[in-house]
Amino acid sequence: APPSCDWRKAGAVTPAKDQGQCGSCWAFAAVANIESLWFIRHQELYNLSVQQVLDCSRLQVACEGAFPWVAFTVAWMYGLTPEEEYPYTACQNMCEERHRAVAHVQAFQILSSDEKRLAAHIAAQGPVTVGINAKLLQFYKEGIITKNMACNCDPREMNHAVLLVGYGLEKKTPYWIVKNSWGPEWGEEGSFRIYRGSNACGIASLPVTATV
Amino acid sequence: DFMSRFNRTYNSPEEQRRRLLIFRQNLATARALEKAGQGMARFGMTRFSDLTEEEFRAQLLSPMPGHAPRPSALAPSKP
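Those sequence lines, one after another, are chains P and D. Here this note's numbering is used: the first residue of the first sequence is 146, the next is one more, and so on. Here this note's numbering is used: the first residue of the second sequence is 87, the next is one more, and so on.
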């Protein structure tokens with residue numbers, strides 16, 4: 146893998162969206178993955194509908210969480226509609242099938258948890274959806290969540306889904322660049338950075354990506 | 087400052103007092119985290135600063151058990 150990578154600089158990442166008071170991070174992280182991969186393959190950056198994923202997921206309560214592959218399955222079955230045509234309401238409604246689809250998913254795959262291989266995959270293919278223990282993010286403002294801090298969050302207890310959009314090195318500290326779904330006002334314009342190389346807060350435990 | 091910045095109102099003075107206590111505890115936690123990071127990250131007041139850890143979990147997070155069965159892949163043809 147190259148020493149650093151940031152898909153935001155390539156224009157492949159839409160601004161961070163806000164999930165509101167709904168446990169829909171799994172849908173936001175998966176849709177963000179599809180948005181970026183669609184741009185990398187087709188040079189068209191769409192804000193895609195998370196609401197469509199919630200509504201068409203066939204989950205009993207989509208706001209109480211799910212795995213990102215549920216969203217990939219919705220995108221595979223229906224294709225995804227632009228956000229402006231199917232806007233987010235932060236609650237689950239009936240699935241509306243009348244909208245036009247502008248992005249499609251062919252498959253998805255679960256990747257290796259080896260962080261070097263993960264970095265190589267991101268540099269070569271694009272952003273990847275991951276799970277994380279988000280305990281430390283409640284008070285995060287900016288900078289790199291270090292190895293020391295990550296001792297306070299159990300990597301086995303994943304409770305949030307986010308998108309790895311790149312990685313880098315600052316003052317000899319390797320880090321991941323992670324897009325969150327708590328709006329652009331939160332963190333570093335909607336993103337945060339966390340130590341890379343020790344599965345900090347479970348960041349590499351469950352990497353998954355779509356194929357578009 | 088927090089209430090005006092994040093547009094917060096509380097139902098009663100009691101609720102406001104309770105939220106202030108939570109806010110103070112959270113600021114102390116944020117300071118401790120920042121200290122542990124040795125200058126690499128800043129922690130402090132965010133829009134979640136008046137929530138307990140349990141409320142934060144319930145409102146924003148959703149458990150993803152690592153031992154849950156993982157699908158192998160999508161089927162080759164659509165239903």
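Note that the Cβ used here is the ideal one computed from N, Cα and C, for glycine as well. Computed from a prediction, not measured in an experiment: that's the story for all the values here.
For ILE267 of chain P, the enclosing alpha helix (DSSP H) begins and ends at 260 to 270. Per DSSP, the unbroken beta strand (DSSP E) holding TYR340 of chain P starts and ends at 336 to 340. Excluding five sequence positions before and after LEU281 of chain P, the CB atoms of its chain that fall closer than 7 Å to its own CB belong to ILE290, MET294, ASN297, CYS298 and CYS346, given in chain order. Fully contained in the stretch 294 to 340 of chain P are the following beta strand (DSSP E) runs of length 3 or more, in chain order: 305 to 315, 318 to 324 and 336 to 340. Fully contained in the stretch 212 to 267 of chain P are the following alpha helix (DSSP H) runs of length 4 or more, in chain order: 213 to 223. Counting along the chain, LYS154 of chain P sits inside no beta strand (DSSP E), nor does DSSP assign it H or E at all.
If you draw a straight line from the Cα of ASP163 of chain P to the Cα of ALA174 of chain P, it comes to about 11 Å. With contact defined as three or more Cβ pairs closer than 8 Å, the stretch 268 to 275 of chain P and the stretch 92 to 108 of chain D are not in contact. For the pair ARG94 of chain D and GLU287 of chain P, the CB atoms are not nearer than the 8 Å cut-off. Within the stretch 277 to 290 of chain P, the residues whose Cβ lies closer than 8 Å to some Cβ of chain D are ALA279, LYS280, LEU281, GLN283, PHE284, TYR285, LYS286, GLU287, GLY288, ILE289 and ILE290, listed in chain order. Assignment of ILE185 of chain P by DSSP, reduced to helix, strand and coil, places it in the helix class. A direct Cα-Cα distance of roughly 29 Å separates GLY168 of chain P from ALA155 of chain P.
Between VAL198 of chain P and ALA177 of chain P, the gap from beta carbon to beta carbon reaches 8 Å or more. When the alpha-carbon of PHE142 of chain D is set against those of D:LYS121, D:PRO99 and D:ASN112, the nearest one is in D:ASN112. If only uninterrupted beta strand (DSSP E) runs of at least 3 residues are considered, none is enclosed by the stretch 92 to 121 of chain D. At least one beta carbon of chain P lies nearer than 8 Å to the beta carbon of GLN145 of chain D. Interface flag for MET126 of chain D against chain P is set, since a Cβ pair is found closer than 8 Å.
Burial state of HIS305 of chain P is buried, judged by a 10 Å Cβ sphere holding 16 or more other Cβ atoms. Residue burial is scored here from C-beta neighbours: THR226 of chain P has at least 16 other C-beta atoms within 10 angstroms and is therefore classed as buried.
With the criterion set as a beta carbon lying under 7 Å from some beta carbon of chain P, the members of the stretch 105 to 123 of chain D are ASN112, THR115, ALA116, LEU119, ALA122 and GLY123, in sequence order. The beta carbon of ILE185 of chain P lies closer than 7 Å to those of ALA157 and GLY271 in the same chain, with the five residues before and after it left out. Apart from the 5 residues on each side of it in sequence, THR138 of chain D sits with its Cβ closer than 7 Å to the Cβ of ILE108 in its chain, given in chain order. The closest CA to that of GLN188 of chain P, considering only P:PRO213, P:CYS150 and P:ALA248, is found on P:ALA248.
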